[in-house]
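Numbering (the numbering used here), first residue to last: 19 to 709.
Given below as structure tokens:
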């Protein structure tokens with residue numbers, strides 16, 4: 019797939035997508051999580067790109083939701099699903115599910131939805147999902163304790179590009195390489211010519227280092243896992259609770275993560291901890307060791323039995339009066355013991371092993387009071403400890419990075435699977451909450467719903483009365499005010515939209531003819547002025563003309579076109595072989611005078627009927643429309659059973675071929691039936707006017 023061919027993907031976005039391991043696969047699969055890992059691409063934008071790629075993959079011109087109200091129905095349907103997601107990712111991922119007139123796309127989602135409906139939305143799984151997020155790429159990693167060295171200028175540029183996390187130095191010979199080894203804890207020489215050169219320090223000759231950057235900068239892997247540690251652990255918990263097949267051994271992965279600190283350093287290594295503690299505590303340990311030695315000498319001097327009082331001798335010693343000679347002559351053994359105590363304390367306090375000899379030289383044998391450490395020796399000890407710590411840390415990082423690098427793809431798959439599970443569970447919860455079933459999608463026109471209940475009503479879903487309704491061709495839906503005509507229209511629109519999204523519908527069963535465009539015109543509030551009225555008529559005129567154009571093309575081809583045939587155009591009105599439409603209109607008579615409205619609706623219905631469109635017009639002018647039409651127009655009715663305590667009792671399912679009575683007719687009938695109120699026959703005469 020050519021990236022720039024995807025709608026919404028320009029050169030800059032394509033360049034960002036190419037940073038991914040397999041952007042084409044991510045686009046084909048609608049993989050929002052993977053697309054969102056590209057630099058500068060948010061989850062919302064990733065969802066839009068994925069949607070465009072899906073349309074391109076299925077040669078889908080779009081345009082299913084052809085009017086504002088149709089788009090609102092799609093948004094409402096999507097909201098019912100996203101309200102049942104746990105993760106933000108799942109909500110964005112569901113945005114790639116859109117109503118389409120292309121059979122291949124619908125079937126693709128249907129297969130996914132049918133599998134999802136088999137899921138059990140376990141509360142424990144939903145709770146575990148709350149901590150799962152898509153993996154993130156950490157910011158730039160900078161490592162200052164090691165460098166790359168090369169004699170080749172071209173290789174120098176390649177090294178900077180391949181491993182930007184460390185410094186790259188150009189050296190001419192082994193002497194310069196040795197100088198680098200004194201400045202860095204580790205030097206990686208890229209040239210084979212340095213092999214066998216004996217240089218003090220941690221100098222490694224690795225000609226293939228640029229092909230294996232993680233061996234030089236294990237922090238690249240470790241920082242990734244450290245920044246995503248909690249997300250991976252949460253995904254592992256989802257797999258455990260949901261009993262999913264994991265992409266790797268969870269115990270091995272979690273054990274490796276337990277060795278990683280939040281900052282990407284290695285934890286749980288006793289030797290590394292010992293060295294790190296020794297570096298941190300060196301100054302304090304040296305100071306305490308001095309105190310130990312001086313306290314011992316102080317006590318020894320105070321207890322000496324000499325010609326002068328020990329306290330006087332101490333005073334002299336503290337003034338430096340012949341200290342060396344006095345200590346050498348009188349306290350040589352005590353000084354040696356004091357120094358030995360200082361050395362032992364320093365070695366024990368820092369838990370020194372290989373560097374014990376260096377540490378013991380920190381306190382000289384030559385008598386002096388007070389006892390003081392050798393700054394040069396302590397500096398040397400600090401260098402040795404720091405180098406040992408850094409080398410140990412680097413070695414442990416490499417070992418852990420090697421283990422984790424092999425599991426990186428598996429960890430990503432683990433998180434992606436958990437996020438996709440949230441998408442599936444959202445569909446499962448939607449289906450369960452609204453008693454949904456998968457509809458039958460046919461190539462014939464019309465829609466048939468049994469036991470349909472709309473979740474869009476402002477009442478608890480369990481209180482919604484089920485509706486049965488089937489329509490083929492064009493129909494006028496009549497009925498009393500507040501009888502449910504608009505709700506029925508919304509139900510038809512919702513079922514049609516969900517079916518073309520490939521999703522289950524809120525009904526006991528449903529059969530939906532394939533539709534390429536849904537034109538839903540909501541009720542207009544108030545009479546339109548002349549300009550707005552003309553614009554509305556033009557909309558219907560363009561629709562009828564477009565349907566006529568498609569029908570003519572189909573006839574001209576001599577055969578019915580394949581159901582998946584489309585054009586490359588994004589214009590929903592572009593002529594195609596087969597783009598069936600559904601038209602839903604709610605009380606078009608409100609746009610102008612009732613008499614004119616009836617004639618206009620009759621003409622529109624006749625035109626749509628001739629062109630084999632599916633249409634439902636809700637109107638109080640059903641009788642007038644039938645009289646104005648030159649052909650038979652089907653009329654269905656939502657029948658009122660009567661008035662009870664001033665409230666309508668309505669049979670919500672429309673009755674086929676029934677012109678429903680209006681609310682005024684019911685009221686007049688009620689008065690006419692009451693003989694006491696109709697003694698002179700006034701109400702009976704009024705009732706006769708409705709016949």
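For glycine and all other residues, C-beta sits at the position ideal for the given N, C-alpha and C.
Check residue i in the structure and name its three-state DSSP category.
i           : result
residue 537 : strand
residue 24  : coil
residue 458 : strand
residue 634 : strand
residue 706 : helix
residue 103 : coil
residue 658 : strand
residue 686 : helix
residue 265 : coil
residue 609 : helix
residue 435 : helix
residue 278 : strand
residue 652 : strand
residue 316 : helix
residue 321 : coil
residue 466 : strand
residue 304 : helix
residue 193 : helix
residue 161 : coil
residue 556 : helix
residue 532 : coil
residue 562 : helix
residue 379 : coil
residue 389 : coil
residue 667 : strand
residue 384 : coil
residue 200 : helix
residue 618 : helix
residue 214 : coil
How would you write the range of the beta strand (DSSP E) that residue i sits in, first residue to last?
i           : result
residue 187 : 185-188
residue 222 : 220-223
residue 604 : 599-604
residue 284 : It is not in any beta strand (DSSP E) - residue 284 carries neither H nor E in the DSSP assignment.
residue 204 : 204-207
residue 31  : No beta strand (DSSP E) holds residue 31; the alpha helix (DSSP H) holding it covers 29-35.
residue 164 : 164-168
How far does the alpha helix (DSSP H) with residue i in it reach, from first residue to last?
i           : result
residue 358 : 350-367
residue 241 : 237-245
residue 678 : That residue, residue 678, is in no alpha helix (DSSP H); it is neither H nor E in DSSP.
residue 422 : 393-423
residue 177 : 171-180
residue 234 : 231-234
residue 371 : Segment: none, residue 371 is in no alpha helix (DSSP H) and carries neither H nor E.
residue 642 : 640-646
Given a threshold of 16 other Cβ atoms within 10 Å of its Cβ, counted over all protein chains shown, does residue i qualify as buried or as exposed?
i           : result
residue 447 : buried
residue 226 : exposed
residue 23  : exposed
residue 440 : buried
residue 499 : exposed
residue 157 : exposed
residue 2   : Because the chain spans 19 through 709 in this model, residue 2 falls outside it and cannot be assessed.
Under 8 Å by Cβ, that's how I've got residue i and residue j pegged, so tell me the actual separation to the nearest angstrom.
i           : j           : result
residue 85  : residue 518 : Incorrect: roughly 15 Å between the Cβ atoms, too far for contact.
residue 187 : residue 165 : 6 Å
residue 221 : residue 199 : 5 Å
residue 407 : residue 290 : 7 Å
residue 360 : residue 302 : Contact doesn't hold; Cβ gap of about 14 Å is too wide.
residue 553 : residue 455 : Not a contact, Cβ separation roughly 40 Å.
residue 175 : residue 208 : Incorrect: roughly 12 Å between the Cβ atoms, too far for contact.
Just list the beta strand (DSSP E) runs in the stretch 106-156, keeping only unbroken ones of 3 residues or longer that don't cross its boundaries, in chain order. none
Which runs of the beta strand (DSSP E) at least 3 residues long sit entirely within the stretch 471-527? Give them in chain order. 485-489, 492-497
Where are the alpha helix (DSSP H) runs, 4 residues long or more, that stay fully inside the stretch 28-100, in chain order? 29-35, 41-47, 50-53, 61-75, 86-100
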